[in-house]
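Just so we're aligned: 75 in this note's numbering is position 75 of the sequence shown, and the numbers increase by one with no gaps anywhere. Here's the structure, in structure tokens; my notes come after.
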Amino acid sequence: MKSVSFTKDFYRAISNLFYSFSMIDKTMSVQEKKEIVWAVKQEWATNEYGFDSEELIYETMRSLIKEKQNADQAFEKFKVFFIANKELFSKDVKQELLEACHKICNADHGKNKSELILLTKLHKLIKTSNLNN
């Protein structure tokens, strides 16, 4: 999957994305946390770039929680990074992020309205980037 070298900022951006989906309804459930941990362990945990990406993701999420970051602001941080660094987001990476976000939304009683709206924003962002590649 990883043919490019991901930076710490890449993993921080993913943290913002996952945080935004887990907090869009103002609370992060135990099931949402479990989905994030599963996604990170399955797809994003590596030491190959000179740092522990898994710990960086969790550290970033803890900071976002401590700062009581707004979910929309966290998504905007991801969006800004995504637009500025499209080359890091291959088709596979985009697909893995979409799948993880859907699983986070489905973790606790299925998708609610705010989660559906955020998923729509993510799908549009990715679709737009596909058109511009």
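Glycine residues also receive a C-beta, built at the ideal position from the N, C-alpha and C atoms. Computed from a predicted model, the values in this text were never measured in an experiment.
- Here the C-alpha atom of K127 lies approximately 22 Å from the C-alpha atom of R12.
- For D9, the enclosing alpha helix (DSSP H) stretches over residues 8–23.
- For Y49, there is no enclosing alpha helix (DSSP H), as DSSP marks it with neither H nor E.
- With contacts defined by Cβ atoms closer than 8 Å, K34 and A100 do not form a contacting pair.
- Under the DSSP assignment, Q42 falls outside any alpha helix (DSSP H); it carries neither an H nor an E label.
- Within the model, the alpha-carbon separation for K26 versus A74 is close to 13 Å.
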